[in-house]
Amino acid sequence: MKKKVDLLPVDLLPTKVDDIHVNINSKQNIKYRFGKAIRRRRRELDLSQEDLAERSELHRTYISSIERGQRNPSLENIEKIAQALRISISDLFAKYSIEEEKETDE
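The sequence shown begins at 1 in full-length UniProt numbering and counts up by one.
As structure tokens, then:
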């Protein structure tokens, strides 16, 4: 017996390949920007990755991969990292996202 497969209506499909890349790049961009924010805050506090890992009860290689934009941390781990960096999650995103935008504008 064949299984029925629901297909997307043609009007919901991307109209060109670039539409698909925008979504992929957006996901990569947020991970990269978040990682960069973590690194900046960590360096402001003069912490090593090992120090941050210990404070947040995460592994150093996990912290490193987040900072490089290669990991997509869970909300629980984002909270652990923010607490270890003594900053709220919202401030971490707001402060460092603004700095990131300023850098790209220059």
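Just so you know, even glycine gets a beta-carbon here, dropped at the ideal spot from N, CA and C. Predicted model, so just to flag it, every value in this text is computed and none were measured.
With respect to Leu75, Ile63 sits apart: the two C-beta atoms are not nearer than 8 Å. Taking C-beta separations shorter than 6 Å and ignoring five residues to either side along the sequence, the partners of Leu85 in its chain run Arg41, following chain order. When the beta-carbon positions are compared, Ile81 and Ile30 stay at least 8 Å from each other. When DSSP states are grouped into helix, strand and coil, Leu85 belongs to the coil group. Distance from the CA of Leu58 to the CA of Ile66, rounded to the nearest whole angstrom, comes to 11 Å.
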